[in-house]
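A quick write-up on the structure given underneath.
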Amino acid sequence: MNASPTTPSVTEEAQKQPMKQKCEHHAECMKVIQAILDDEATDAEKDHFRENMDKCLPCIESYRLEKCIKDSLNFKIEKKPCPESILKTIISKINS
1 MNASPTTPSV TEEAQKQPMK QKCEHHAECM KVIQAILDDE ATDAEKDHFR
51 ENMDKCLPCI ESYRLEKCIK DSLNFKIEKK PCPESILKTI ISKINS
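Printed below as a string of structure tokens:
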């Protein structure tokens, strides 16, 4: 995993410390993980997650799994523009 200001990473110091095997806030952590991966997290959320993920094995594993899934989907899915006729049909049905 590449370390960057926007991507959480496990520090060498944190790797030497015992890690939590269970996350008490897993539902909240998953929301933040999704926000980070969708590039919708605030700087405070990113900083908080980056600081705390080093201590929590379930959060690290969840982040890596979700990132892998997202990267795989982005790589495999062919992005095609929507035909203009379909777009007009959808907009007209929404507006009616």
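The sequence shown begins at 1 in the working numbering and counts up by one.
Using N, Cα and C, we set each Cβ at its ideal position, and we do this for glycine too.
CA-to-CA distance, residue j to residue i, given in whole angstroms
| i | j | result |
| --- | --- | --- |
| residue 94 | residue 84 | 15 Å |
| residue 89 | residue 61 | 43 Å |
| residue 72 | residue 64 | 12 Å |
| residue 57 | residue 19 | 6 Å |
| residue 37 | residue 48 | 15 Å |
| residue 81 | residue 39 | 22 Å |
| residue 92 | residue 21 | 52 Å |
| residue 25 | residue 70 | 22 Å |
Coarse secondary structure for residue i, derived from DSSP in three states
| i | result |
| --- | --- |
| residue 56 | strand |
| residue 46 | helix |
| residue 79 | coil |
| residue 22 | coil |
| residue 66 | helix |
| residue 35 | helix |
| residue 40 | coil |
| residue 96 | coil |
| residue 91 | helix |
| residue 5 | Annotation note: pLDDT 48 at residue 5 (below 50); position unreliable, coordinate value reported separately. Three-state result, residue 5: coil. |
Nearest-angstrom Cβ-Cβ length linking residue i and residue j, presumed shorter than 8 Å
| i | j | result |
| --- | --- | --- |
| residue 23 | residue 59 | 6 Å |
Proximity test, Cβ basis, 7 Å: residue i and chain B
| i | result |
| --- | --- |
| residue 92 | The structure shown contains no chain B, having only a single protein chain. |
The segment 39-46 contacting the segment 70-78, beta-carbon criterion three pairs below 8 Å: Cβ pair count under 8 Å is below three, so no.
Meets three-Cβ-pair contact criterion under 8 Å: the segment 53-61 and the segment 17-36: Three or more beta-carbon pairs drawn from the segment 53-61 and the segment 17-36 are found closer than 8 Å, and the two stretches are therefore classed as touching.
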